[in-house]
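Numbered per UniProt numbering, the sequence shown spans residues 1 to 265.
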Amino acid sequence: MLQARYNLWSQSDGSLPKLTSNPYSWTKVANILFIDSPVGAGFSYSKTAGGNISGDRQTCWQTYKFFKKWLIGHPEFLPNPIYVGGISYGGFTVPLVVQHISDANKAGIEPFVNLKGYLLGNPAENTTKTNNSRIQFAHGMGLLPDELYESMKNSCAGEYTNVDTNNFKCLEDVQAYSKCIAGINFLHILEPKCTVVSPKPNEIAELRRSLVENVTELLYSKLSLQLNSEPQFPALGCRAIYVLHPTVGLKTVVLGLQLFVDGEV
């Protein structure tokens, strides 16, 4: 998100990265409010330990309430057309936040939000359907032979994620599929398969639940989960964004950003 607004350039003398203005940033045409949600994510916090315990519905309601309060505190933005956006898991939460806003508008609850729509990037929805659709995608992109694709359709009947353990033919086909995409970056098939920096501990368990994603098991299981270790530079051609790192104090980072905002950097 930071790179969408600025370009990051690293100083050759080893000092903090320097932020330079990006003439093509989103903020040239829009005011963007980034909300750290749910509570406990990013810089958001609760004054009580219990406040950090939340679910999707509560998170969406809290996001809606926060946004309404923010508009009350910044009434100059009320006339602006509003679009609610999110990526990935936002596919579950953004529509519900939009529904809260729409319902409040219909009920005449002030302030009125000039809601125009919502934006979703690679949104999550039904996990099973999403994972099952990967087989058709892999075949369409030439990663899966016609013979195996047809066999999978016949043996698995469209269910490639939660496979019946008694369906040996389907299990065999799914394992063959996993071998076909073993060297593929399933997040972006045109890019090299690169390691992931500091994955969440529960990601490994999540990946093991699906036969379709067993191919990534080895990749994740070999990664170090020690957040205090120095970052290792990836292979040539792999994306790497090291904006914040545990060895850099939060106070230092905030100070650096504040200096840029004040025009001193």
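Backbone N, C-alpha and C define an ideal beta-carbon position, used for all residues, glycine too.
> Are N114 and P79 close, meaning C-beta to C-beta below 8 Å?
Replying inline: yes
>> Suppose the cutoff is 6 Å on Cβ atoms and the five residues either side in sequence are ignored; what does the same chain contact list for P81 look like?
In response: So the list reads N114 and K116, once near-sequence residues are dropped.
> Can you list the beta strand (DSSP E) stretches of 3 or more residues lying completely in the region 44-127, in chain order?
Replying inline: Unbroken beta strand (DSSP E) stretches of 3 residues or longer found wholly inside the region 44-127: 82-87 and 115-121, given in chain order.
> Taking C-alpha atoms, which residue in Y24, S46 and G86 lies nearest to L33?
Replying inline: G86 is the residue among Y24, S46 and G86 whose C-alpha sits nearest the C-alpha of L33.
> If you run the structure through DSSP and keep just helix, strand and coil, what is T20?
Replying inline: strand
> With 16 other CB atoms within 10 Å as the buried threshold, where does A41 fall?
Replying inline: exposed
> My guess is that T161 and T128 are in contact by the Cβ rule of under 8 Å, so how many angstroms apart are they, rounded?
Replying inline: 5 Å
> Which word fits P38, buried or exposed, when buried means at least 16 other C-beta atoms lie within 10 angstroms of its C-beta?
Replying inline: buried
>> For L171, report the span of its alpha helix (DSSP H) as first-last.
In response: Start and end: F168 to C180.
> When burial is assigned at 16 or more other CB atoms within 10 Å of the CB, is residue 268 buried or exposed?
Replying inline: Here the chain covers residues 1 to 265 and nothing more, so residue 268 does not appear.
>> According to DSSP, is V197 part of a helix, a strand, or is it coil?
In response: Bear in mind that a pLDDT of 48 at V197, under 50, signals an unreliable position, so the number given afterwards is only what the model happens to contain. If DSSP states are grouped into helix, strand and coil, V197 belongs with coil.
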